[in-house]
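Colleague: Got a structure for you, written out below as structure tokens; questions coming shortly.
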Amino acid sequence: MMSQTWLVTGASSGLGTAITASALRAGNKVLAAARNPEKASLENPQIEALGGKWVNLDVTQTDTARHVETIIHENGGLIDVVVNNAGYSLVGSIEDMSEDEIECQLSTNFKGPIRVLKGVLPFMRAQRSGTIVNVSSSAGVQGFPACGIYAGSKFALEGLSEALATELLPFGIRVLIVEPGIFRTKFLSAFVTPQAGMTEDYAGTPVETMIHAFRTSNGNQQGNPVKAAARILDVVSGTGMGVGKEKLLRLPLGPDCHDLYQAKCDSLKENLVETKEIAYSTNFE
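Mapping of the sequence shown onto the UniProt record's numbering: position 212 corresponds to residue 212, and the numbering continues sequentially without gaps.
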């Protein structure tokens with residue numbers, strides 16, 4: 001397969017680093033985006049050793065689209081794959097979160113990919129080709145306690161991606177939603193809690209239980225990010241386990257996410273069956 005040009009946001013750690021390395025090993029050109037490229041380069045020397053290039057990009061900035069356009073122009077003017085991976089998790093009760101904390105979460109996880117896409121899509125439309133990989137989460141499948149705003153940002157990204165998949169079909173641009181479960185990355189050690197702390201009434205409730213799980217599960221996750229990155233590469237390139245999967249919209253990763261998805265589908269189906277009579281009773285006679 002011919003070498004392609006990839007742009008990966010949030011490439012400085014975790015799944016982003018693994019995706020970048022996997023794409024490079026497959027012979028692709030990768031622009032690894034990070035808020036601090038110098039620090040990222042020192043912490044991940046393998047990326048440049050494999051031929052990757054670090055670029056400066058903070059997806060929370062309102063001029064992100066212009067920066068993305070400049071990055072692409074300065075690196076050949078073509079872009080084949082963009083991976084919107086930059087993100088983090090705000091964990092706590094919704095009522096304890098400030099407006100600024102909520103906005104920062106949405107700005108990174110939801111508005112960030114939109115800003116990147118505004119810079120990328122003119123190139124892909126001109127090429128009549130391209131692949132957009134939006135990294136969601138198992139929290140984009142099921143909202144968990146203490147993860148309301150994080151889940152909200154991922155549910156929003158999923159809805160956006162569904163719309164994009166149809167909007168961009170005439171231009172030969174594909175959209176893939178990646179939904180990782182729990183993988184052994186720095187994600188659980190980098191979550192943020194509200195500065196206000198936890199309202200006392202939430203002690204002993206599912207909110208406190210989930211926060212405790214975040215704090216104690218790091219390092220014990222079963223998911224291997226290197227394997228996850230390999231599966232993403234397979235599905236994007238249509239090789240390996242991705243052969244015949246070119247029309248997939250969603251890619252759940254990890255047994256935990258797949259099982260969660262199955263339970264959610266079963267629950268939704270049961271809910272639909274129980275509400276059909278009610279739904280069909282609301283038209284004018």
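Yeah, the Cβ is synthetic: ideal placement off N, Cα and C, and Gly gets one too. Model, not experiment: these values are computed from the prediction.
(1) Measure the CB-CB distance between residue 177 and residue 105 and report whether it falls below 8 Å.
(2) Which residues does DSSP list as the beta-bridge partners of residue 180?
(3) Classify residue 82 as helix, strand or coil using the three-state DSSP reduction.
(4) Hey, out of 174, 161 and 123, whose CA is closest to residue 131's CA?
(5) Does DSSP classify residue 56 as helix, strand or coil?
(6) Leaving out the 5 sequence neighbours to the left and right, which residues in its chain are closer than 8 Å to residue 206 when beta-carbon positions are compared?
(7) Using 8 Å as the threshold, is the C-beta distance between residue 136 and residue 154 below it?
(8) How big is the Cα-Cα spacing for residue 116 and residue 211?
(9) Just verifying my parser: in three-state terms, what is the DSSP assignment at residue 109?
(10) Give the single residue among 17, 91 and 34 whose Cα lies nearest to the Cα of residue 190.
(11) Who are the near neighbours of residue 258 in its chain, counting only those whose CB is closer than 6 Å to its CB and skipping five residues on each side?
(12) DSSP three-state label for residue 172, please.
(13) What first and last residue would you give for the alpha helix (DSSP H) that runs through residue 235?
(14) Counting C-beta neighbours from all protein chains within 10 Å, is the total for residue 39 16 or more, i.e. buried, or is it exposed?
(15) For residue 94, which option in 248, 239, 230 and 199 has the closest C-alpha, if you only look at C-alpha atoms?
(16) What would DSSP say about residue 247, mapped onto helix, strand or coil?
(17) Is it right to say residue 8 is buried, meaning 16 or more other beta carbons lie within 10 angstroms of its own, or is it exposed?
(18) Leaving out the 5 sequence neighbours to the left and right, which residues in its chain are closer than 7 Å to residue 225 when beta-carbon positions are compared?
(19) Report the three-state DSSP secondary structure of residue 289 (helix, strand or coil).
(20) Between which two residues does the alpha helix (DSSP H) carrying residue 16 extend?
(21) For residue 148, which three-state DSSP category applies?
(22) Identify the continuous beta strand (DSSP E) that holds residue 5 and give its terminal residues.
(23) Run through the DSSP bridge pairs and tell me what residue 279 is partnered with.
(24) Based on DSSP bridge pairs, tell me the residues matched to residue 75.
(25) Name the residue from 78, 241, 202 and 85 whose alpha carbon lies nearest to the alpha carbon of residue 179.
(26) Going by the beta-carbon positions, is the gap between residue 133 and residue 236 smaller than 8 Å?
(27) Give the DSSP-derived three-state secondary structure of residue 130 in the structure shown.
(28) Considering only the alpha carbon of each residue, which of 20, 12, 3 and 4 lies closest to residue 229?
(29) Please report the distance separating the alpha-carbon of residue 11 from that of residue 62.
(30) Under the assumption that residue 6 contacts residue 31 (Cβ atoms under 8 Å), give the Cβ distance between them as a whole number of angstroms.
Modeller: In terms of the structure at hand:
(1) Locating residue 177 in the sequence shown gives position 177, counting from the first residue. Locating residue 105 in the sequence shown gives position 105, counting from the first residue. Contact flag unset, no.
(2) Sequence index remark: in the sequence shown, residue 180 carries index 180 (1-based). DSSP lists 253 as partners of residue 180.
(3) To locate residue 82, count along the sequence shown from 1; it is residue 82. Here residue 82 sits in strand by DSSP.
(4) Within the sequence shown, numbered from 1, the residue matching residue 131 stands at position 131. Ranking 174, 161 and 123 by Cα distance to residue 131 puts 174 first.
(5) The residue labelled residue 56 in the question sits at position 56 within the sequence shown. Note: residue 56 maps to strand in three-state DSSP.
(6) Within the sequence shown, the letter at position 206 stands for residue 206. Correct list, in chain order: 145 and 146.
(7) Here residue 136 is taken as the residue at index 136 of the sequence shown, counted from 1. Here residue 154 is taken as the residue at index 154 of the sequence shown, counted from 1. In this structure, residue 154 lies closer than 8 Å to residue 136 by Cβ.
(8) Here residue 116 refers to the residue found at position 116 when the sequence shown is read from its first residue. Here residue 211 refers to the residue found at position 211 when the sequence shown is read from its first residue. Their backbone Cα atoms lie some 31 Å apart in a straight line.
(9) For this step, residue 109 is matched to residue 109 along the sequence shown. In this structure, residue 109 counts as helix in the three-state DSSP scheme.
(10) For the purposes of this step, residue 190 is identified with residue 190 of the sequence shown, where counting begins at 1. If we check each option's Cα against that of residue 190, 91 comes out closest.
(11) Taking the first residue of the sequence shown as position 1, residue 258 is located at position 258. Cβ neighbours of residue 258 beyond the five flanking positions: 252.
(12) Within the sequence shown, residue 172 is the residue found at index 172, counting from 1. Coil.
(13) Start at 1 with the first residue of the sequence shown, and residue 235 comes out as number 235. Here the alpha helix (DSSP H) through residue 235 covers 225–237.
(14) Your numbering for residue 39 matches position 39 in the sequence shown. So residue 39 counts as exposed.
(15) By one-based count along the sequence shown, residue 94 stands at place 94. Residue 94 has its Cα closest to that of 199, out of 248, 239, 230 and 199.
(16) Against the sequence shown, residue 247 aligns to sequence position 247. If DSSP states are grouped into helix, strand and coil, residue 247 belongs with coil.
(17) The count along the sequence shown starts at 1 and reaches residue 8 at position 8. Residue 8 is buried by the Cβ-count criterion.
(18) Working through the sequence shown from its first residue, we reach residue 225 at position 225. Counting only Cβ-Cβ distances below 7 Å, and skipping sequence neighbours, we find 14, 15, 18, 183, 184 and 185.
(19) Examination of residue 289 is not possible in this model, given that the chain is present from 1 through 285 alone.
(20) Looking up residue 16 in the sequence shown gives position 16. Unbroken alpha helix (DSSP H) run through residue 16: 14–25.
(21) Sequence index remark: in the sequence shown, residue 148 carries index 148 (1-based). Residue state, collapsed to three classes: helix.
(22) Locating residue 5 in the sequence shown gives position 5, where the first residue counts as 1. Counting along the chain, the beta strand (DSSP E) containing residue 5 begins and ends at 5–8.
(23) Start at 1 with the first residue of the sequence shown, and residue 279 comes out as number 279. The partner list for residue 279 (beta bridge, DSSP) is empty, contrary to what the question assumes.
(24) Within the sequence shown, residue 75 is the residue found at index 75, counting from 1. DSSP, once it has assigned bridges, lists no residue as partnering residue 75.
(25) Taking the sequence shown and counting its residues from 1, one reaches residue 179 at position 179. Comparing Cα positions, the closest option is 85.
(26) In the sequence shown, the residue the question calls residue 133 occupies position 133. In the sequence shown, the residue the question calls residue 236 occupies position 236. Yes; because the gap between Cβ atoms is below 8 Å, this pair is in contact.
(27) Locating residue 130 in the sequence shown gives position 130, where the first residue counts as 1. Strand, per DSSP.
(28) Taking the first residue of the sequence shown as 1, we reach residue 229 at position 229. Of 20, 12, 3 and 4, the residue nearest in Cα terms is 20.
(29) In the sequence shown, counting from the first residue as 1, residue 11 sits at position 11. In the sequence shown, counting from the first residue as 1, residue 62 sits at position 62. Cα-Cα distance, rounded: 20 Å.
(30) For this step, residue 6 is matched to residue 6 along the sequence shown. For this step, residue 31 is matched to residue 31 along the sequence shown. Going by Cβ atoms, the distance from residue 6 to residue 31 rounds to 7 Å, so yes, they are a contact pair.
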